[in-house]
Amino acid sequence: EIIEPLEQKLGKPVLTATSVSMWKMLRLAGDTRAITGGGELFSRA
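Residue numbers for the sequence shown follow the working numbering, beginning at 246 and rising by one.
Laid out in structure tokens, this is it:
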């Protein structure tokens, strides 16, 4: 996955249309768990 290394290099969260859509879908389904490997967006519960 390229998101986490890119976030580390830039020092900022990296958001893509796909990752934001997936995050929103999971939240709407009631899944609020933190997910490793998806960058800053998914690392918070």
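Here a beta-carbon is modelled for each residue, glycine too, at the ideal position from N, C-alpha and C.
In or out: G284 buried (at least 16 other Cβ within 10 Å) or exposed? It counts as buried.
Taking the CB atoms as reference points, tell me whether L251 and W268 lie closer together than 8 Å. Contact: no.
Quick check on the DSSP output: the alpha helix (DSSP H) that includes T263 runs from which residue to which? It spans A262 to L273 - the alpha helix (DSSP H) in which T263 sits, taken as one unbroken run.
When DSSP labels each residue in this structure, what does K257 get in the three-state scheme? It is coil, neither helix nor strand.
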